[in-house]
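Protein chains in written order, with our numbering: chain E, 8 to 104; chain Z, 266 to 790.
Written out as structure tokens, the structure is:
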């Protein structure tokens, strides 16, 4: 049977993903084919994305919803430092060094 | 929610910085820019042991540059957008450098109504936090909070950032471990120019130096009767350009219109030469502090005002002096047992009740015994004594008091301490330790209490499982020892009461049955 495909993601979703990757909330590079996820990793990606949004909301001190709501969009537009909030090695240690 | 230390830090504290000679700000004047950057660095300098010196070289520790879009690193800027700047953690080469997006509208003196401009000072203070090794903090209001917040006019370094920088580099040095530099009205160094290539020496004619203790710079301070020389750098150069900064003499009359009023009560500013308790005080113009090895003023035995350095000392007004009573628990140096003995930074520290002695290469330091809390101020105020002290292989200082361990890095209590003894695998029922040491014979750490002792694994942070064992192993010292430590001669010494044993590590027994007297051997009595 043909693999189930999802509609391409919204522009907000894509810019949010870029932001999350730039500032260390989401691992760079997803197993994608064009804009369509491989079926078996789609759920994993959704979970990671949602966790990343929550982590950003918590770090930024805004309500933690896991959704790209207005407060989250405003936070992503705010002027800020270019360094990641979560450094690579924190990924391995699982906590902020 | 707190600061995050990245891990790398500068090994030296006298850091150099410079504004890049190549990538300068295209819309800011370099002098104003350098002044703002200097003030931003001063924020971190005021809270830590770090010092910053501007140099005219791109090899400085911290090189600040302004660049647009892609600029030879993996973090291109985004034009007038949300990314303002970034900086690199301590290290060689690019380490420590700070890059600012030259497309932004940078403001040197931001006003409240500046909506779209960005305060260079606010961003620079943040980026220099990265240059010193701090990561982003999730504490809103902290400098290291990643989103731009501007800076309040009466800016004070937030608590979270202060904790972060002080954990890495320690707070501004207090005079416990090092002396405060003093300024004297000396003759300024006469410059002699040497021409190396032609090996001829030309000496400038020496200008006669006349020390004016009156207004030396009338053009700068027209209504000042007196001015200090040489001037110490002012803490707030651009906010109060006129006011000189006296490091720690708050009681001085700081209004500029009246002649300086000398505070007769302060020991460093007596009007005439007097000799008190064998110490001669010379006239104090300008105010020069006599040099003392460790304590900025002489220690008068049995004088309670020594307990509180903030309280002025009243030598002349004997009627005002409180009746001197010797604190009941102050030990007699030559007739006492010891609670703990430890070699710390190569110096011998002996602890008894609330006090401790410090013995260096040239013998006992003057001014001791001194309260333990004056050296380790984070210990409990109602401290009565310490049970055991040792310097760990990682140079941290472990102080055991009752059922708790206080761990210090020099004199800064590490976060998370004190910790209960059970955290280290010691039994819940254990009331206190008698002693602790790193045994030079095998490099292991041992804890002693009553009739038992434990081997402690510094890596794992807990005692080994096949302990405790009986003190009988250490033949000759018996139980309930007072202290044990390893002296510079590599020998182990056990203390009990007013005596001590030298211990033979190979034969695992004391070298002689009868203990020797501690006072004469260790205290030089």
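Each residue gets a CB set at the ideal place from its N, CA and C atoms; glycine is no exception. Predicted model, so just to flag it, every value in this text is computed and none were measured.
Interface with chain E (8 Å Cβ-Cβ cutoff): residue 391 of chain Z is included.
Residue Z:333 holds the alpha-carbon nearest to the alpha-carbon of residue 344 of chain Z among Z:660, Z:350, Z:372, Z:333. Going by DSSP, residue 640 of chain Z is part of no beta strand (DSSP E) but of the alpha helix (DSSP H) stretching over 637-640. Burial state of residue 305 of chain Z is buried, judged by a 10 Å Cβ sphere holding 16 or more other Cβ atoms.
Of the other Cβ atoms in all chains shown, fewer than 16 fall within 10 Å of the Cβ of residue 70 of chain E; this residue is therefore exposed.
Non-local beta-carbon contacts of residue 749 of chain Z in its own chain, meaning distances under 6 Å to residues more than five positions away in sequence, involve 700, 702, 759 in chain order. Using beta-carbon distances, residue 85 of chain E counts as an interface residue toward chain Z, with a partner under 8 Å.
Between the alpha carbons of residue 611 of chain Z and residue 617 of chain Z lies a distance of about 20 Å. Not flagged as an interface residue toward chain E: residue 434 of chain Z, since no C-beta distance is shorter than 8 Å. For residue 621 of chain Z, no chain E residue has a C-beta closer than 9 Å to its own C-beta; the minimum C-beta separation is roughly 35 Å. Taking a beta-carbon distance threshold of 8 Å, residue 416 of chain Z does not count as an interface residue toward chain E. Contacts with chain E at 8 Å (Cβ-Cβ) do not include residue 407 of chain Z.
Of all residues in the segment 50-72 of chain E, the ones placed with a Cβ closer than 8 Å to any Cβ belonging to chain Z are 65, 66, 67, 68, in chain order.
For residue 674 of chain Z, the secondary structure class from DSSP, reduced to helix, strand or coil, is strand. Put simply, the backbone Cα of residue 789 of chain Z is about 37 Å away from that of residue 685 of chain Z.
Residue 335 of chain Z is outside the set of residues whose beta carbon lies under 8 Å from a beta carbon in chain E. Spanning the alpha carbons of residue 605 of chain Z and residue 401 of chain Z requires a straight line of approximately 42 Å. Between residue 775 of chain Z and residue 766 of chain Z, the C-beta spacing is below 8 Å. Under the Cβ criterion of 8 Å, residue 94 of chain E is counted among the residues facing chain Z. Following the DSSP letters along the chain, one finds residue 631 of chain Z in no beta strand (DSSP E), marked with neither H nor E. Three or more Cβ pairs closer than 8 Å define a contact, and the segment 736-753 of chain Z falls short of that threshold against the segment 672-692 of chain Z. Cα atoms of residue 352 of chain Z and residue 89 of chain E: separation of roughly 8 Å, rounded to the nearest angstrom. Within chain E, no C-beta atom comes less than 7 Å from the C-beta of residue 752 of chain Z; the nearest is roughly 38 Å away.
Contacts with chain Z at 8 Å (Cβ-Cβ) include residue 89 of chain E. For residue 414 of chain Z and residue 594 of chain Z, the gap between their C-alpha atoms comes out near 53 Å. For residue 683 of chain Z and residue 601 of chain Z, the gap between their C-alpha atoms comes out near 28 Å. If only uninterrupted beta strand (DSSP E) runs of at least 3 residues are considered, those enclosed by the segment 324-371 of chain Z are 327-332, 348-352, 363-366. Between the segment 649-669 of chain Z and the segment 617-634 of chain Z there are three or more C-beta pairs closer than 8 Å, enough to call the two in contact. Scanning the segment 673-747 of chain Z from its first residue to its last, the whole beta strand (DSSP E) runs of 3-plus residues come out as 700-703, 710-714, 717-722. For residue 296 of chain Z, the enclosing alpha helix (DSSP H) has its first and last residue at 295-312. For residue 350 of chain Z, the neighbours in chain E by C-beta distance under 7 Å run, in chain order, 88, 89.
Straight-line spacing of the CA atoms in residue 630 of chain Z and residue 613 of chain Z works out to 10 Å.
The Cβ neighbour count for residue 773 of chain Z, taken over all protein chains shown within 10 Å, is under 16; the residue is labelled exposed. Within 10 angstroms of the beta-carbon of residue 311 of chain Z lie fewer than 16 other beta-carbons, which makes it exposed. One alpha carbon belongs to residue 395 of chain Z, the other to residue 361 of chain Z, and they sit about 7 Å apart.
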